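Protein sequence lines, in the order shown, are assigned to chains A and B.
Residue numbers for the first sequence follow our numbering, so the first one is -10 and each next one is one higher.
Residue numbers for the second sequence follow our numbering, so the first one is -10 and each next one is one higher.
Where a beta carbon is used, it is the ideal one built from N, C-alpha and C, also for glycine.
Just so it is clear, the structure is predicted and the values come from calculations on it, not from any experiment.
Okay, structure first, notes after.
There are 2 protein chains.
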Amino acid sequence: MYNIGVDLGGTNIVAAVVDEKYGILGKSKTPTATPRGADEIFDDIARVCREAMDIAGVGLSDISSLGMGTPGTVNGDGIIEFANNLGFNNVPARQMLKDRVGDIPIFIENDANCAALGEAYAGCGNGSDNFVAVTLGTGVGSGVIINGKIVNGVNFAGGEFGHMVIMIDGAPCTCGRKGCWEAYASATALICQTKEAMREYPDSVMHEIVKQEGKVNGKTAFDAMRKGDIAGIKVVNNYIKYVACGLINIVNALQPEMICVGGGICNEGDTLLKPLNRYVMAERYSIHSKIQTKIVKAQLGNDAGIIGAALLGSIK
Amino acid sequence: MYNIGVDLGGTNIVAAVVDEKYGILGKSKTPTATPRGADEIFDDIARVCREAMDIAGVGLSDISSLGMGTPGTVNGDGIIEFANNLGFNNVPARQMLKDRVGDIPIFIENDANCAALGEAYAGCGNGSDNFVAVTLGTGVGSGVIINGKIVNGVNFAGGEFGHMVIMIDGAPCTCGRKGCWEAYASATALICQTKEAMREYPDSVMHEIVKQEGKVNGKTAFDAMRKGDIAGIKVVNNYIKYVACGLINIVNALQPEMICVGGGICNEGDTLLKPLNRYVMAERYSIHSKIQTKIVKAQLGNDAGIIGAALLGSIK
């Protein structure tokens, strides 16, 4: 038997047929094309599910369950209560999928939580029961697994470590608070920090890099650092300190087996991971413990969310 | 059948016989009298357990299990790996209790976790499954319950939200980090903040209050605020903002059913709890959710740890 995993994103809808060893047998994709009505979007979700089954060469009778990850808050009845970037407000996702795909068990969960589940079971976590996944992207997403289960709290909005203040009265965050981890450790924040340093250092090599690449991105400061640029070194060091601060907070709060760090910035590999680990080792509260939380790079990339969604039926 | 709960503290050892409805039938207490050897301390623990049984009028055959809360880190074998203020290093607590009290099931756990368990089941939590207890005392202690179980992480050092940085490069904390919540929201921190304001405001009524009371304590600024003193108002407002910051971080991370706040400062009651709730309501990430984390005052005081310890056998 197989499971279908769907990743409903702000940009694309991806569906895949996943086997019991977390292998992807068939995958299909279509643009989400927001803004448009939920009915149209769900018609397309059902279509890519059928396409993925065709590619995999399986039928609905081979499918044990369908799981879908979505931005926003999903309640226990499979209703997407609120998803800002899809324009969804109380969309009965489970029922809409049942009506369109067929009468199989259907599970809906927040996308960051699905990605965490995917990495914990099928990715770097290797079956880890106590696991946190952090994604450094446009924002800072996080998903928390404790005793093998997603922690989504009393209102299905849990796991938002990105909106933990690390600097009281600090930089404004999109959530309305000031000084959230996201406002310091997201790729967006890194780009702001890079631009600020460029204004402060008109002679920095970053100006040249940006001329060549067309715009400032999450790599600009890292590239400048590799060329020995002082402004680049300063930006990268500060950024790593911000990322580490939040990771150490998570370690002290939950002492998970592993925290995996994903998102585009992680392509920097050891340049990011090694100093992060040094910070965590030096500052964690559990300095005397023999066993320590591992900080590792995410392995599955965009597939984490799809595989995690496919797993929802077997985990929940 | 009954359970014995023991609270091994830096100052006192307290043991109690607890019934199935969380009632305390007999209680005994003796000074911990540190520094002294673990053997002597455990002789005294066994003695107060026997005294508590005598007072309750029960014998060892009436006891299902013995649970003990201790400062520091306790591993899965019932060994206290490290407890700074007891001078303990790899003390085989479970075995030492078995040798002295008798061959009954014995459970050892960190004291803040026991207190959380006590409040969650027998106190303000009223059986809450997803629960965080925060104690504003000398430090900021916390215990986390998820799906009815204590979260103590991969190395039994979890649940330390007090050592979550809320101000990067901020006030130094006893743990070695800078800017921990504990360094802003503990009673110790409040006293520091009060003293600082007194230096800044030589005309503040706080100088008079301190003359009468003998020293600055956690009540000084609150008492001054009630007299309309500007310095007092400033200290209290800032302190409440610091406490709220950490509480909102916990809400965003875990969205528990309830966070209970305990410790001496909570005797201020609604003066503390009402503005705390206002901050949390305004800043939590889950602003659109119908169900929200409740922020409440701890109910059981020092008994929380004893009742929680007694519960360990039935929960674990």
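Rounded straight-line distance, which links the Cα of residue j to that of residue i
{"i": "A:GLU257", "j": "B:ILE97", "result": "43 Å"}
{"i": "A:TRP170", "j": "A:THR177", "result": "12 Å"}
{"i": "B:GLY130", "j": "B:GLU149", "result": "7 Å"}
{"i": "A:PRO24", "j": "A:GLY76", "result": "7 Å"}
{"i": "B:VAL3", "j": "B:THR163", "result": "27 Å"}
{"i": "B:ALA213", "j": "A:GLY132", "result": "44 Å"}
{"i": "B:GLN84", "j": "B:ASP28", "result": "12 Å"}
{"i": "A:PRO191", "j": "A:ALA35", "result": "52 Å"}
{"i": "B:VAL121", "j": "B:PHE145", "result": "16 Å"}
{"i": "A:PHE71", "j": "B:VAL154", "result": "30 Å"}
{"i": "A:GLY142", "j": "A:SER50", "result": "34 Å"}
{"i": "A:GLY126", "j": "A:GLY207", "result": "9 Å"}
{"i": "A:ARG267", "j": "B:GLY128", "result": "26 Å"}
{"i": "A:ALA82", "j": "B:VAL6", "result": "51 Å"}
{"i": "A:VAL285", "j": "A:VAL269", "result": "12 Å"}
{"i": "A:VAL225", "j": "A:ALA160", "result": "18 Å"}
{"i": "A:LEU55", "j": "B:ILE280", "result": "27 Å"}
{"i": "A:VAL47", "j": "A:GLU202", "result": "44 Å"}
{"i": "B:MET195", "j": "B:GLN182", "result": "12 Å"}
{"i": "B:GLY217", "j": "B:PHE211", "result": "10 Å"}
{"i": "A:LYS283", "j": "B:SER278", "result": "33 Å"}
{"i": "A:SER175", "j": "A:HIS152", "result": "11 Å"}
{"i": "A:SER275", "j": "B:ARG166", "result": "12 Å"}
{"i": "B:GLY235", "j": "B:TYR228", "result": "11 Å"}
{"i": "B:CYS38", "j": "B:PHE31", "result": "10 Å"}
{"i": "B:LEU14", "j": "B:GLY(-2)", "result": "21 Å"}
{"i": "A:ALA45", "j": "A:VAL80", "result": "29 Å"}
{"i": "B:LYS200", "j": "B:GLY290", "result": "29 Å"}
{"i": "B:MET42", "j": "A:ASN136", "result": "36 Å"}
{"i": "A:ASP33", "j": "B:ILE254", "result": "56 Å"}
{"i": "A:MET(-10)", "j": "B:ALA101", "result": "46 Å"}
Under 7 Å between C-beta atoms of residue i and residue j
{"i": "B:GLU40", "j": "B:ALA293", "result": "no"}
{"i": "B:VAL63", "j": "B:ASN99", "result": "yes"}
{"i": "B:SER168", "j": "B:ILE180", "result": "In the sequence as presented, Ser is not what sits at residue 168 of chain B; that position holds Gly. For B:GLY168 and B:ILE180, no; Cβs fall outside 7 Å."}
{"i": "A:ALA233", "j": "A:LEU265", "result": "yes"}
{"i": "A:ILE296", "j": "A:GLY(-6)", "result": "yes"}
{"i": "B:ILE237", "j": "B:ARG188", "result": "no"}
{"i": "A:CYS103", "j": "A:ALA242", "result": "no"}
{"i": "B:GLY12", "j": "A:GLN244", "result": "no"}
{"i": "B:GLY58", "j": "B:ASP(-4)", "result": "yes"}
{"i": "A:ILE69", "j": "A:ALA105", "result": "no"}
{"i": "A:ILE198", "j": "A:THR209", "result": "yes"}
{"i": "B:TYR110", "j": "B:LEU300", "result": "yes"}
{"i": "B:PRO60", "j": "B:ASN74", "result": "yes"}
{"i": "A:VAL205", "j": "A:LYS184", "result": "yes"}
{"i": "B:ALA220", "j": "B:ALA186", "result": "yes"}
Any non-hydrogen atom of the ligand GTP within 6 Å of residue i CB
{"i": "A:THR127", "result": "This structure simply doesn't include the ligand GTP, nor any ligand for that matter."}
**Message:** If the cut-off is 8 Å on Cβ atoms, which residues from the segment 103 to 118 of chain B count as contacting chain A, listed in chain order?
**Reply:** Listed in chain order, the positions of the segment 103 to 118 of chain B with a beta carbon within less than 8 Å of a beta carbon of chain A would be empty, since no residue qualifies.
**Interfacial residues, the segment 20 to 48 of chain A to chain B, with Cβ spacing under 8 Å** = Those would be none; no residue qualifies.
**Message:** To test your reading of the DSSP string, which unbroken beta strand (DSSP E) runs of 3 or more residues are found completely within the segment 235 to 292 of chain B?
**Reply:** Within the segment 235 to 292 of chain B, the complete beta strand (DSSP E) runs of at least 3 residues are 247 to 251 and 283 to 286.
**Message:** Under 8 Å, with one C-beta from each stretch per pair, do the segment 84 to 97 of chain A and the segment 16 to 23 of chain B reach the 3-pair mark?
**Reply:** The segment 84 to 97 of chain A vs the segment 16 to 23 of chain B: no contact.
**Asked** Taking the runs of the alpha helix (DSSP H) that are 4 residues or longer, which of them lie wholly in the segment 162 to 200 of chain A?
**Response** Runs of the alpha helix (DSSP H) inside the segment 162 to 200 of chain A: 171 to 174 and 176 to 189.
**Message:** With three or more C-beta pairs closer than 8 Å as the rule, is the segment 246 to 257 of chain B touching the segment 114 to 129 of chain B?
**Reply:** Yes, the segment 114 to 129 of chain B touches the segment 246 to 257 of chain B.
**Entirely enclosed beta strand (DSSP E) segments - the segment 69 to 100 of chain B, minimum 3 residues** = The qualifying runs are 69 to 72, 77 to 80 and 95 to 99.
**Prompt:** Any residues in the segment 177 to 202 of chain B with a beta carbon nearer than 7 Å to a beta carbon of chain A? Which ones, in chain order?
**Reply:** Contact residues of the segment 177 to 202 of chain B toward chain A are absent (C-beta to C-beta distance below 7 Å).
**Prompt:** Going along the chain, which residues of the segment 207 to 234 of chain A sit with their C-beta nearer than 8 Å to a C-beta in chain B?
**Reply:** Listed by position, the residues of the segment 207 to 234 of chain A near chain B (Cβ gap below 8 Å) are LYS230, TYR231 and CYS234.
**Prompt:** Using a Cβ cut-off of 9 Å, which residues of the segment 130 to 143 of chain B contact any Cβ in chain A, in chain order?
**Reply:** If the cut-off is 9 Å between Cβ atoms, the segment 130 to 143 of chain B has SER131, VAL133, ILE135, ASN136, LYS138, VAL140, ASN141, GLY142 and VAL143 near chain A.
**Asked** Of all the residues that make up the segment 267 to 281 of chain A, which are near chain B by a beta-carbon distance shorter than 9 Å?
**Response** From the segment 267 to 281 of chain A, only ALA271, GLU272, ARG273, TYR274, SER275, ILE276, HIS277, SER278, LYS279, ILE280 and GLN281 have a Cβ closer than 9 Å to chain B.
**Prompt:** Using Cβ-Cβ distances below 8 Å, what residues of the segment 245 to 256 of chain A are close to chain B?
**Reply:** Cβ contacts with chain B: PRO245 and GLU246.
**Request:** Please go through the segment 97 to 162 of chain A and give each complete beta strand (DSSP E) segment of 3 or more residues, from N-terminal end onward.
**Result:** Those beta strand (DSSP E) runs which fall completely within the segment 97 to 162 of chain A and span 3+ residues are 120 to 125 and 129 to 135.
**Message:** Any C-beta of chain B within less than 8 Å: which residues of the segment 62 to 87 of chain A qualify?
**Reply:** Listed in sequence order: THR62, GLU70 and PHE71.
**Asked** Residues in the segment 145 to 156 of chain B with C-beta within 9 Å of chain A's C-beta atoms, listed in sequence order?
**Response** So the close ones are PHE145, ALA146, GLY147, GLY148, GLU149, PHE150, GLY151, HIS152, MET153, VAL154, ILE155 and MET156.
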